[in-house]
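Undergrad: Questions regarding the structure given below will be posed in turn.
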Amino acid sequence: MFYSTKGGRIMSELTKLKISEALELLKNKKISAKELVTSHIEQMEKCKNLNAFITPTIDYALEQAKISDERIAKNEMRKLEAIPVGVKDLFCTKNIRTTAASKMLSNFTPTYESTVSQNIADNGTIMLGKTNMDEFAMGSSNTTSYFGNVISPWRGAEGEELVPGGSSGGSAAAVAAFASMAALGSDTGGSVRQPAAFTGLVGVKPTYGRCSRYGMVSFASSLDQAGVFTRSVEDAALMLEAMMGFDEKDSTSLNIPVPNLTKAMHESVEGLKIGVPKDLMEQDGIGRSVLDMWQHSIDILKSEGAAIIDITLPTAKYALPVYYVIAPAEASSNLSRYDGVRYTHRAEQEHMTLDEMYEMTRSEGFGEEVKRRILIGTYVLSSGFKDAYYTKAQKIRRLIANDFNNSFAKVDAVLLPTAPTPAFGINEKQDDPVAMYLNDIFTIPASLAGLPAMSIPAAMENGLPLGMQVISKALDEYSMLRVARGLERNIKIDFTPRGF
Amino acid sequence: MAFIEGNTGIWEYVIGLEVHAQISSKSKLFSGSSTEFGASTNSQVSLIDAAMPGMLPILNQYCVDQAVKTGLGLKAKINKYSVFDRKNYFYADLPQGYQISQFYYPIVENGVIDITTEEGIKHVRINRLHLEQDAGKSMHDQSPTSSFIDLNRCGIGLMEIVTEPDMRSPLEAAEYLKKLRIILRYLGTCDGDMEKGSMRCDANISVRKPGAELGTRCEIKNVNSVRNVMRAIEYEAMRQVQILESGGKIDQETRLFDANTGETRTMRSKEDAHDYRYFPDPDLLPVRLEQEFIDKIASTMPELPDDKIKRYIKDFELTEYDAAVLCEDKMVADYFEEATQNVNAKIVANWVTSELFGMLNKENIDLVDSKIKPVHINNMVALIENGTISGKIAKVVFEEMFKSGDMPDKIIKEKSLVQVSDSTSIKQVIEEVLLENPESVEGYKSGKDKLFGFFVGQVMKKTGGRANPTMVNDLLKEMLQ
Numbered sequence: 001m002f003y004s005t006k007g008g009r010i011m012s013e014l015t016k017l018k019i020s021e022a023l024e025l026l027k028n029k030k031i032s033a034k035e036l037v038t039s040h041i042e043q044m045e046k047c048k049n050l051n052a053f054i055t056p057t058i059d060y061a062l063e064q065a066k067i068s069d070e071r072i073a074k075n076e077m078r079k080l081e082a083i084p085v086g087v088k089d090l091f092c093t094k095n096i097r098t099t100a101a102s103k104m105l106s107n108f109t110p111t112y113e114s115t116v117s118q119n120i121a122d123n124g125t126i127m128l129g130k131t132n133m134d135e136f137a138m139g140s141s142n143t144t145s146y147f148g149n150v151i152s153p154w155r156g157a158e159g160e161e162l163v164p165g166g167s168s169g170g171s172a173a174a175v176a177a178f179a180s181m182a183a184l185g186s187d188t189g190g191s192v193r194q195p196a197a198f199t200g201l202v203g204v205k206p207t208y209g210r211c212s213r214y215g216m217v218s219f220a221s222s223l224d225q226a227g228v229f230t231r232s233v234e235d236a237a238l239m240l241e242a243m244m245g246f247d248e249k250d251s252t253s254l255n256i257p258v259p260n261l262t263k264a265m266h267e268s269v270e271g272l273k274i275g276v277p278k279d280l281m282e283q284d285g286i287g288r289s290v291l292d293m294w295q296h297s298i299d300i301l302k303s304e305g306a307a308i309i310d311i312t313l314p315t316a317k318y319a320l321p322v323y324y325v326i327a328p329a330e331a332s333s334n335l336s337r338y339d340g341v342r343y344t345h346r347a348e349q350e351h352m353t354l355d356e357m358y359e360m361t362r363s364e365g366f367g368e369e370v371k372r373r374i375l376i377g378t379y380v381l382s383s384g385f386k387d388a389y390y391t392k393a394q395k396i397r398r399l400i401a402n403d404f405n406n407s408f409a410k411v412d413a414v415l416l417p418t419a420p421t422p423a424f425g426i427n428e429k430q431d432d433p434v435a436m437y438l439n440d441i442f443t444i445p446a447s448l449a450g451l452p453a454m455s456i457p458a459a460m461e462n463g464l465p466l467g468m469q470v471i472s473k474a475l476d477e478y479s480m481l482r483v484a485r486g487l488e489r490n491i492k493i494d495f496t497p498r499g500f
Numbered sequence: 501m502a503f504i505e506g507n508t509g510i511w512e513y514v515i516g517l518e519v520h521a522q523i524s525s526k527s528k529l530f531s532g533s534s535t536e537f538g539a540s541t542n543s544q545v546s547l548i549d550a551a552m553p554g555m556l557p558i559l560n561q562y563c564v565d566q567a568v569k570t571g572l573g574l575k576a577k578i579n580k581y582s583v584f585d586r587k588n589y590f591y592a593d594l595p596q597g598y599q600i601s602q603f604y605y606p607i608v609e610n611g612v613i614d615i616t617t618e619e620g621i622k623h624v625r626i627n628r629l630h631l632e633q634d635a636g637k638s639m640h641d642q643s644p645t646s647s648f649i650d651l652n653r654c655g656i657g658l659m660e661i662v663t664e665p666d667m668r669s670p671l672e673a674a675e676y677l678k679k680l681r682i683i684l685r686y687l688g689t690c691d692g693d694m695e696k697g698s699m700r701c702d703a704n705i706s707v708r709k710p711g712a713e714l715g716t717r718c719e720i721k722n723v724n725s726v727r728n729v730m731r732a733i734e735y736e737a738m739r740q741v742q743i744l745e746s747g748g749k750i751d752q753e754t755r756l757f758d759a760n761t762g763e764t765r766t767m768r769s770k771e772d773a774h775d776y777r778y779f780p781d782p783d784l785l786p787v788r789l790e791q792e793f794i795d796k797i798a799s800t801m802p803e804l805p806d807d808k809i810k811r812y813i814k815d816f817e818l819t820e821y822d823a824a825v826l827c828e829d830k831m832v833a834d835y836f837e838e839a840t841q842n843v844n845a846k847i848v849a850n851w852v853t854s855e856l857f858g859m860l861n862k863e864n865i866d867l868v869d870s871k872i873k874p875v876h877i878n879n880m881v882a883l884i885e886n887g888t889i890s891g892k893i894a895k896v897v898f899e900e901m902f903k904s905g906d907m908p909d910k911i912i913k914e915k916s917l918v919q920v921s922d923s924t925s926i927k928q929v930i931e932e933v934l935l936e937n938p939e940s941v942e943g944y945k946s947g948k949d950k951l952f953g954f955f956v957g958q959v960m961k962k963t964g965g966r967a968n969p970t971m972v973n974d975l976l977k978e979m980l981q
């Protein structure tokens with residue numbers, strides 16, 4: 001190890017640690033919280049060009065590091081003491097500006113803390129900053145932020161800039177670039193899993209209801225779920241144990257004990273039944289390397305003693321249109337509160353009527369993609385069209401959930417790619433929203449069914465990572481992590497971006 | 501039933517009412533903020549009420565209890581499955597940009613309220629009762645250039661109670677409102693105070709030739725007293741008749757009542773009607789009720805006014821009128837029943853409805869502030885019944901109790917008001933009277949029966965009204981023979 005002697009440590013190497021390793025070193029007083037945090041702050045500086053953070057919270061982080069060091073000195077270490085994290089700017093943070101990457105909230109500072117960010121802070125994590133994202137979590141490439149695009153630490157073959165995926169692109173970039181050991185994201189239709197796949201990270205969305213939505217700026221309430229980015233399955237398990245849990249401040253939060261997920265790290269996949277949806281595998285448009293990764297993952301699990309079972313998800317092909325009806329419908333209503341009356345941006349003009357104030361404020365305050373989705377959502381709920389769109393979509397959503405339920409009668413987990421392609425160039429697909437929406441084709445079914453799902457890096461295509469997705473039945477994050485860990489153990493690829 | 505005399509014959513009123521009843525609850529429907537009336541502006545606003553980013557509604561269980569209780573009081577069906585929907589529209593005093601209401605699956609359906617009309621009892625069917633949030637208040641009169649918003653009311657729980665179009669006159673509408681208010685107050689689920697806005701009414705009105713199909717209706721918004729509901733209906737129905745009789749058509753629209761002019765005017769036409777884009781609120785779970793829970797609420801139900809009236813008539817032999825008067829307010833009924841312990845309820849009823857109410861009205865005092873408590877009336881009636889005082893003396897005692905709040909026996913003692921019931925003393929007084937009035941005695945004996953009253957009066961005068969009137973009668977008759 002590089003840091004075996006005190007003083008002889010190479011600071012930048014501290015950012016490469018796994019969470020469990022960092023905790024061990026802190027506990028044995030081989031490193032201090034201050035050193036751990038400072039090394040990450042230096043790394044944040046170095047990769048500033050990625051634009052991963054909207055609001056860095058350096059002073060706050062250093063203060064917290066001091067507190068952590070005091071606790072460590074007193075042997076009062078918490079479960080995630082001093083672990084430097086990024087927090088997606090969708091989570092409200094007390095006395096720290098929270099923007100949802102929108103002009104609308106560009107001057108909004110909450111007086112309250114979201115439950116999930118509070119939960120991890122209570123376990124000792126130290127927030128380095130609020131990470132960039134697509135505006136109001138709407139996007140698949142992190143190109144809709146009012147605060148500018150996030151650039152992936154990965155580069156194309158010609159050195160061209162790539163998207164980190166979205167909407168939690170800042171969190172993904174921060175962890176992939178070693179500027180945080182973990183980062184909170186939110187996943188509505190794939191906003192954690194897809195950027196995880198694009199940046200070579202582990203990205204987990206637990207069961208809908210596992211994490212409280214209290215204090216998380218709403219996009220589509222029936223789908224929104226907090227998630228996490230890490231560089232290993234074990235790190236994800238540690239973070240999830242801290243994030244999850246019942247919260248009486250969210251009616252949709254599930255009152256079910258949090259499982260011991262780190263235990264799953266030591267269990268093999270032997271005896272697990274893995275479902276592979278043949279019908280989806282055979283559909284057009286999936287790239288060769290994605291199919292190869294899929295097959296390779298199946299082979300690994302089989303050789304580790306899991307049973308591979310063919311399943312079908314016949315309604316999953318409707319997931320994308322269903323999602324792009326339901327999510328905008330809910331968003332159109334959830335975003336009504338940003339009206340210029342209270343804490344948001346407000347258009348400045350003399351003698352506005354109330355309606356003019358609304359129109360101008362919302363025209364100025366929201367970006368293109370957000371406006372597009374508000375319009376779609378308003379349309380699909382409007383009288384005369386609602387039955388054809390919203391009501392029908394809800395029915396199909398139920399059928400998709402039923403498909404999964406039927407499968408889970410036979411299998412413990414379902415294996416799917418996370419995204420159909422690796423990360424694309426920052427200027428690609430910008431003029432074609434439908435092509436952009438297709439990114440989410442594999443992540444959306446689990447979102448609609450409220451199931452736990454995660455992406456783990458499983459292959460490379462032309463030097464860029466690809467993600468494999470593991471979906472398990474509701475509340476069975478344990479089996480999901482077992483499968484992911486089984487893959488991780490056997491995939492011997494270094495998912496570090498060039499130059500990091 | 502009442503008809504409108506038009507130029508082409510008579511027209512019938514068709515009226516349905518939507519009442520917004522503020523739920524009696526210390527905290528709001530989806531937040532812990534206080535609902536206290538009259539607090540300083542924006543002092544009772546939580547993060548949820550102000551619709552801050554990431555804030556989520558949490559259903560107040562007590563408001564559900566209250567809605568179920570009200571549903572049972574309306575003899576309605578309690579739905580074991582109900583759902584909160586969002587009603588989307590923009591307004592400055594609606595921070596969320598939507599009102600949380602129950603559109604598709606209300607918590608209560610199919611109830612009934614019986615009202616008394618000239619033709620007898622009439623059933624007004626309740627279509628539904630659903631839970632919803634109140635909005636805040638916009639104030640446009642504070643500044644010439646700006647409007648101000650008070651969010652204290654924002655998020656307070658309301659029960660919207662909707663009738664079928666069953667009422668056929670302004671008076672029936674008024675009777676319905678009064679009856680509903682009585683029931684809500686009995687249940688303790690709404691204070692029914694229209695002045696404070698805790699009960700507000702929208703009226704749907706159409707007219708038709710008797711027996712014809714339903715006409716096009718107009719909705720009159722936010723009428724704030726029973727009297728104004730009647731005025732609004734009268735004006736609006738007449739307006740519609742005039743349009744129809746001059747060959748016009750009624751436009752379905754929402755209208756506002758102006759209490760100053762007594763007129764209604766267009767608020768928004770059908771074309772301008774909002775598209776509320778109702779959909780189930782994904783932040784809230786459906787409300788599922790167990791039969792056990794409903795039964796538990798049912799076991800806490802008070803006796804309702806209709807049942808109470810029936811019991812008073814049957815058990816206490818009260819007139820329907822007296823029974824109804826006593827049952828209009830649960831507090832009065834409780835007062836009355838407390839005063840009837842072990843004494844004749846009919847006598848108590850008379851004292852309460854005539855003497856007590858008369859004095860309270862005259863002095864403009866509320867029953868709760870009255871110095872005469874049930875125990876006073878109870879003791880007094882007991883004293884009448886055992887002959888200690890006469891009814892006439894009781895009036896003196898009553899007035900004194902009203903002023904001082906002293907118990908009747910104390911008043912009687914201090915004022916020496918005990919009834920004289922011993923025949924020797926009464927005979928002695930009668931003798932005196934007869935001796936003092938020989939001409940009248942002659943006159944009576946020669947057939948002027950009317951003079952009997954004169955003798956009674958003289959005896960009562962001499963005894964300061966304390967002589968037992970029955971005995972005076974009997975003894976006088978005997979001694980005048």
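Respectively, the protein sequence lines represent chains A and B. Reading the first sequence from the start, the letters are residues 1 to 500 in my numbering. Reading the second sequence from the start, the letters are residues 501 to 981 in my numbering. Every residue gets a Cβ at the ideal spot worked out from N, C-alpha and C, and that includes glycine.
Throw me the rounded Cβ distance for the A:K130 and A:T93 pair, which I believe falls under 8 Å.
TA: With 8 Å as the limit, A:K130 and A:T93 qualify as a contact, their Cβ atoms being about 7 Å apart.
Undergrad: Secondary structure at A:I444, three-state DSSP: helix, strand or coil?
TA: Three-state result, A:I444: helix.
Undergrad: If you count every other CB in all the chains shown that lies within 10 Å of the CB of B:S646, and 16 or more means buried, which is it?
TA: Exposed, since its Cβ has fewer than 16 Cβ neighbours within 10 Å.
Undergrad: Tell me whether B:M907 sits in a helix, a strand or coil according to DSSP, three-state version.
TA: Correct three-state label for B:M907: coil.
Undergrad: If you measure from the beta carbon of A:T5 to each beta carbon in chain B, is any gap under 8 Å?
TA: Residue confidence for A:T5 is low, a pLDDT of 40 falling below 50, so the modelled location carries little weight and cannot support an answer.
Undergrad: May I have the straight-line CA-CA distance separating A:E63 from A:D355, to the nearest angstrom?
TA: So the alpha carbons of these two residues sit roughly 46 Å apart.
Undergrad: Tell me the DSSP bridge mates of A:P84?
TA: DSSP output for A:P84 lists A:I126 as bridge partner(s).
Undergrad: Only counting the same chain, and skipping five residues up and downstream in sequence, which positions put a Cβ closer than 6 Å to that of A:L291?
TA: Closer than 6 Å at Cβ, skipping near neighbours: no residue.
Undergrad: Could you check the C-alpha separation between B:Q561 and B:L789 for me, to the nearest Å?
TA: If you take the alpha carbons of B:Q561 and B:L789, they lie about 11 Å apart.
Undergrad: Measure from the alpha carbon of B:A849 to the alpha carbon of each residue in B:E837, B:K577, B:Y676 and B:E978, then state which is nearest.
TA: Checking every option, the nearest Cα to that of B:A849 belongs to B:E837.
Undergrad: Evaluate contact between the segment 323-333 of chain A and the segment 372-379 of chain A, counting only Cβ atoms and requiring at least three cross-stretch pairs below 8 Å.
TA: Touching, yes.
Undergrad: Can you have a look at A:D299 and say buried or exposed, based on whether 16 or more other CB atoms are within 10 angstroms of its CB?
TA: That one is exposed.
Undergrad: Starting from A:T199, follow the alpha helix (DSSP H) in both directions and report where the run begins and ends.
TA: Element bounds for A:T199: R193 to T199.
Undergrad: Below 8 Å between beta carbons is the criterion; list the residues of the segment 593-619 of chain B that meet it against any residue of chain A, in chain order.
TA: So the close ones are P595, Q596, G597 and Y598.
Undergrad: Any C-beta of chain B within less than 7 Å: which residues of the segment 67-92 of chain A qualify?
TA: Of all residues in the segment 67-92 of chain A, C92 have a Cβ within less than 7 Å of some Cβ in chain B.
Undergrad: Nearest to B:G905 by CA position, among B:N886, B:V875 and B:P938, is which residue?
TA: Of B:N886, B:V875 and B:P938, the residue nearest in Cα terms is B:V875.
Undergrad: So, using beta-carbon positions, are B:M667 and B:V624 closer together than 8 Å?
TA: Yes, the Cβ-Cβ distance between B:M667 and B:V624 is below 8 Å.
Undergrad: Kindly confirm or deny that the segment 709-716 of chain B and the segment 506-515 of chain B touch, where touching means at least three C-beta pairs closer than 8 Å.
TA: In short, these stretches touch, since the Cβ pair count reaches three.
Undergrad: On a CA-only basis, which of B:E792, B:A773, B:V729 and B:D815 is nearest B:E763? Give me that one, please.
TA: Among B:E792, B:A773, B:V729 and B:D815, the Cα nearest to that of B:E763 is on B:V729.
Undergrad: Closer than 9 Å, Cβ to any Cβ of chain D: which residues of the segment 749-777 of chain B, in chain order?
TA: Protein chains in the displayed structure are A and B, and chain D is not among them.
Undergrad: Considering only residues of the same chain and omitting the five flanking positions on each side of A:L23, which have a CB-CB separation below 6 Å?
TA: Result list for A:L23: empty, nothing under 6 Å.
Undergrad: Whose CA, out of A:I54, A:D224 and A:K66, lies closest to the CA of A:M133?
TA: Cα-wise, what sits closest to A:M133 is A:I54.
Undergrad: Taking C-alpha atoms, which residue in B:K749, B:Q522 and B:I626 lies nearest to B:L996?
TA: Here chain B has residues from 501 to 981 only, and residue 996 of chain B is not among them.
Undergrad: Is A:Y389 helix, strand or coil by DSSP?
TA: Here A:Y389 sits in helix by DSSP.
Undergrad: Kindly say whether B:N542, judged by its beta-carbon, lies nearer than 8 Å to any beta-carbon of chain A.
TA: Not an interface residue.
Undergrad: So which of A:S303, A:S447 and A:P259 has the shortest CA-CA distance to A:I491?
TA: Nearest C-alpha to A:I491: A:S303.
Undergrad: Does B:K970 pass the burial test, meaning 16 or more other C-beta atoms within 10 Å, or should it be called exposed?
TA: Here residue 970 of chain B turns out to be Thr, not Lys, going by the sequence shown. With fewer than 16 other Cβ atoms within 10 Å, it is exposed.
Undergrad: Taking only beta-carbon atoms, is B:N728 less than 8 Å away from chain A?
TA: With 8 Å as the cut-off, B:N728 does not count as an interface residue toward chain A.
Undergrad: Judging by CA-CA distance, which residue of B:G747, B:G748 and B:N760 is the nearest neighbour of B:Y735?
TA: If we check each option's Cα against that of B:Y735, B:N760 comes out closest.
Undergrad: Would you check if there are 3 or more beta carbon pairs closer than 8 Å linking the segment 446-466 of chain A to the segment 194-209 of chain A?
TA: Segments in contact, yes.
Undergrad: Run through DSSP, which three-state label would B:L469 get?
TA: In the structure as shown, chain B begins at 501 and stops at 981. Residue 469 of chain B is therefore absent and cannot be evaluated.
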